[in-house]
Every structure is written in C-alpha cells, then in structure tokens.
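Participant: Per full-length UniProt numbering, the very first residue in the sequence shown carries number 253; after that it's consecutive.
In this text, a Cβ means the ideal position worked out from N, Cα and C, and glycines have one as well.
Computed from a prediction, not measured in an experiment: that's the story for all the values here.
Submitted below is the structure of interest, expressed as structure tokens.
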Amino acid sequence: ERGAYTHFMEKEIFEQPTALENAMRGRFSEDGSTAIFGGLNITPGEFRGVDRFVFCACGTAWHACLVTEHLIERFARVPVEVDYASEFRYRNAPLDSHTLFFVISQSGETIDTLAALREAKRKGYKALAINNAVGSTIAREADGGIFQHVGPEIGVASTKAFTSQLLVGAMIALYVARMRDMSFSDGVQYANALKAVPGLVRRALEQAPHIKAIARRFAHYHDMLFLGRLSLFPIALEGALKLKEISYIHAEGYPAAEMKHGPIALISEKCPSVIFAPAGEMHQKVISSMQEIKARKGPVIAIVTEGTELPAGLADETITIPDCHEAVLPIVATIPVQLLSYYIACERGCDVDKPRNLAKSVTVE
Ligand code: F6R
C-alpha cells in the first residue's frame, strides 16, 4: 500500500529510518562492542581465519559491495575484491583457500548473481548471501547469510534495499574488525554510530522540500556528473544510476579527482555536477575539484556536512547532511541523491515506479 505517497519509490525512501532499524534489530552483542549474525553458518573461528573476501552483485547491489569493500579494508584491514556477478561467473577468477565469498542481492533471484554463487560453490567455496527475500533462490542455495529485513521493495529503483545493504556491510566490517585489531571502545563507538543511523537518515530526509526545489531547476539538463571520494565514490555511482534509470538523464559517477583525466571535457554550463564534499580529510581536495568545475562554468550542487561553509561562489546549490561516523556516512549521503533523482524524474513526468526497459528482478542473462 502506497498510503499517502504518490509513488512506492517515495514511500520506500521515507520509510528508510524504520527499515534500517529493522535491519539492525537483535544484531549487536550484549556488551555493545560488535555485531552478531544468526545465519552465517560459519563459526567465529572460521571467520577469523578468512584473509580475503570476494563480493559479487549487479547494479545497485554492486555499489553496496564497493562500500563494503571500503569499510572492511579501512576498519578490519582485510583485502576485499569486488566483481560484477556477470563477469565473475565466466572469468574463472583465482580464489585461495582462505577466501570467503559473498553475493549481495535484494531479490535473491538475479540470474547473474545466482550463477556467480553457483560457480563459487562449484569451486568448493563457502558462499554467503546478503539478501532481502526469505525463501528466494539465492537464500536457499547460499551456505548462509544475512537477511536485510526491510520488507518488500516495490519501486523498481532500489532505495531502502540499498541503504540496508550498506548497513549490513558496515556491520560485517565491524564484526571482522573486532576479530582483528579494533579495540573494545572503538567497537562500542562504531556500534553506537550504527545505532544512530535511523535518526541521522531522518534528519537527512528533512532536506526533501529544499531538494524538490533544486530538482525543479535542474530537471531540464541532459547530462550530469556525480563526484565523490573514498566511500562516497560508490555513492556517486549510485546517484548517477538512480538518475539515469528513472529520469533518463545521462549521468556518470566518478571519483572526484579522476575528473581531470577525461570527464572534465564534458563540463560546461550545460552539464551540472553533484559533488559530495563532507567534512573530513578529503574536504580541501574536493573543493579544488569544485574550483575546476566552476572555472569551466559547470553548475554545482554540493552535498556538505551541516555547519560547514563553502568558499563563496563555488556551489550553485547546497544540500546538507548531518555530521556522522565514517562507517555510516555512505548511508546518510545516499539520501540526498535518492531524493534528487526522485524529484527530477517526477518533474519530467516519468513513470518513477516502472521506468522504461527495466524490471524489478532480472532473471534473464
Ligand atoms: C537499480 C536496481 C538494480 C538492482 C540489480 C540487482 O536501482 O535496483 O540495479 O540493484 O538488478 O538486483 P538484486 O539486488 O535483486 O540482485
């Protein structure tokens, strides 16, 4: 039921605080220092022995793999490889004996992801799944895994399923980190940051009316760039994917500094950039990228941390997100790009819940 909402996508965007609450329920240790998962079917000892992870998925779920890679490598210091499921299934990737294989699939029915899972199992690896559909083919065939528990997602463009995949990925990073060299108190701080996510997402959603107004001014463009760094590079990819699939505007995501190696040729007054510029170690670097865009008359929509001031004249529009822990920043930063693509698509009169040429689950190769 859509209730008071115009589209399922809108409803699913706004129900994310509750959805994320559900995805976390019962998944913290009693002492509050790590995550716990009921259905991994692998002992903590086996998990402790893993020295490499491989994550495979398609589309939006592949972006969730990239964020998870960043968090596991950053906090647990274990190497992670991410592959498109459609490539993994054919490229005969070498895996070694201490590799743990994961797929991420909202529907649990995506044929390429299922084929990647089967290939890993054929090779004798334990293959786990992050999945939102109890009883789905992937849920049945995986050796174990973690359900997202966010309820059915009806809108073709993934929203709450994506943010809950990021949350589960962040919880895996905590679990692995605490088995290695993350201290008890850092674990508690990280877990508390995860518990704060629903409230932070609620705050990010308060920007909706402001983002709707921005969407009215940007709905007529034909091309857009999405730029971000570190864990927000995958969110730039996600923002670009969301925009193209529901509004049919051509969009691309890049790591912000990569722009000068080619995409900068696209910048003009006709090609706006959405750029993540949160407070933190990369802030000044991102400001330099913004200056390069402005010098070429590119319109800029900047997504910044509440309370930060950008140098005058750098951004045409500013959207704020609440300050938060690094592990949850990708989740919080996703909200404004979901809203922006949703409102732009509405402004263009697009069929948001059923975009052309797309199906909710892709069961053909
Ligand atoms: C985009 C989108 C798709 C899916 C992809 C994988 O908004 O929803 O890119 O993420 O088709 O689907 P699942 O997660 O069901 O395997």
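Among A422, Y473, L426 and S359, which residue has its Cα nearest to the Cα of I406?
Facilitator: S359
Participant: Do A467 and E599 come within 7 Å of each other at the CB atom, strictly closer than that value?
Facilitator: yes
Participant: Is it right to say V355 is buried, meaning 16 or more other beta carbons lie within 10 angstroms of its own, or is it exposed?
Facilitator: Buried, since its Cβ has 16 or more Cβ neighbours within 10 Å.
Participant: Hey, out of A256, R254 and Q268, whose CA is closest to R591's CA?
Facilitator: Going by the sequence as given, residue 591 is Leu instead of Arg. Taking only the C-alpha atoms, the option nearest L591 is Q268.
Participant: Based on Cα-Cα distance, which residue from P607, E617 and E333 lies nearest to F260?
Facilitator: P607
Participant: Quick check on the DSSP output: the alpha helix (DSSP H) that includes I363 runs from which residue to which?
Facilitator: I363 to R374
Participant: Among residues of its own chain, excluding the 5 on either side of A429, which ones have a beta-carbon nearer than 6 Å to its beta-carbon?
Facilitator: F327 and A328
Participant: Quick one: is I382 buried, meaning 16 or more other Cβ sit within 10 Å of its Cβ, or exposed?
Facilitator: It is buried - the Cβ of I382 has at least 16 other Cβ atoms within 10 Å.
Participant: With DSSP as the reference, please indicate the residues paired to Y336 in a beta bridge.
Facilitator: A309
Participant: Check whether the Cβ of G505 lies closer than 6 Å to any heavy atom of the ligand F6R, and answer yes or no.
Facilitator: Checking the Cβ of G505 against the ligand F6R gives no.
Participant: With DSSP collapsed to three states, give me the class of A554.
Facilitator: Three-state result, A554: strand.
Participant: So, are the CB atoms of C308 and A337 less than 7 Å apart?
Facilitator: yes
Participant: Using the C-alpha atoms, what's the distance from V330 back to L581?
Facilitator: C-alpha of L581 to C-alpha of V330: approximately 20 Å in a straight line.
Participant: Select from A391, I398, V402 and D603 the residue whose C-alpha is nearest the C-alpha of G421.
Facilitator: I398
Participant: Does the contact criterion of 3 or more C-beta pairs under 8 Å hold for the segment 281-301 versus the segment 451-466?
Facilitator: Touching, no, given that fewer than three Cβ pairs across the two stretches are closer than 8 Å.
Participant: Quick one: what does DSSP say F289 is sitting in, helix, strand or coil?
Facilitator: coil
Participant: Starting from S357, trace the beta strand (DSSP E) both ways and give me its first and last residue.
Facilitator: Per DSSP, S357 belongs to the beta strand (DSSP E) from T351 to S357.
Participant: Among the residues of its own chain, which have a CB less than 6 Å from the CB of A443, if the five just before and after it don't count?
Facilitator: Cβ within range, chain order: F280 and G284.
Participant: Which partner residues does H462 have in the DSSP bridge list?
Facilitator: DSSP output for H462 lists no bridge partner at all.
Participant: Taking the alpha carbon of F353 as the reference point, which residue from L366, D605 and E361 has its own alpha carbon closest?
Facilitator: L366
Participant: Looking at L479 and A471, is the spacing between their C-beta atoms short of 7 Å?
Facilitator: no
Participant: Check the DSSP bridge columns for Y473 and list the partner residues they point to.
Facilitator: Bridge partners of Y473 according to DSSP: none are assigned.
Participant: Are there any heavy atoms of the ligand F6R lying less than 6 Å away from the beta-carbon of G421, as far as the coordinates show?
Facilitator: no
Participant: Taking the alpha-carbon positions, what's the T324 to A465 distance?
Facilitator: One point to set straight first is that residue 324 is Ile, not Thr, in the sequence displayed. Distance between the alpha carbons of I324 and A465: 37 Å.
Participant: Could you name the residues of the same chain whose beta carbon sits closer than 7 Å to that of R341, not counting the 5 residues immediately before and after it, in chain order?
Facilitator: D364, A367, A368 and E371
Participant: Going by C-alpha to C-alpha distance, which of A385, E544 and A460 sits closest to F266?
Facilitator: Taking only the C-alpha atoms, the option nearest F266 is A460.
Participant: Kindly indicate which residue of S541, S525, S613 and T286 has the alpha-carbon position closest to the one of G550.
Facilitator: S525
Participant: Between K546 and L566, how many whole angstroms is the CB-CB distance? I'm expecting something under 8 Å.
Facilitator: 6 Å
Participant: Thinking just about the alpha-carbon of each residue, which of H577, G601 and T615 is nearest to the one in L419?
Facilitator: Minimum Cα distance to L419 is reached at H577.
Participant: Using a Cβ-Cβ cut-off of 7 Å, state whether E578 counts as contacting chain B.
Facilitator: You won't find chain B in this structure, because it holds only one protein chain.
Participant: Quick check on the burial criterion: 16 or more other C-beta atoms within 10 angstroms. Buried or exposed for E253?
Facilitator: With a 10 Å radius around the Cβ and a threshold of 16 neighbouring Cβ atoms, E253 comes out exposed.
Participant: Between E490 and T586, how many whole angstroms is the CB-CB distance? I'm expecting something under 8 Å.
Facilitator: With a contact defined as Cβ atoms closer than 8 Å, E490 and T586 qualify at about 6 Å.
Participant: Our contact map puts P507 next to R481 with C-beta atoms below 8 Å; I'd like the distance itself, whole angstroms only.
Facilitator: 6 Å
Participant: Going by C-alpha distance, which of D303, T312 and T286 is nearest S613?
Facilitator: With respect to the C-alpha of S613, the residue from D303, T312 and T286 having the closest C-alpha is T312.
Participant: Going by DSSP in three states, E262 sits in which element: helix, strand or coil?
Facilitator: helix
Participant: So the candidates are L477, R469, V402 and K378; which of them puts its Cα closest to the Cα of A394?
Facilitator: K378
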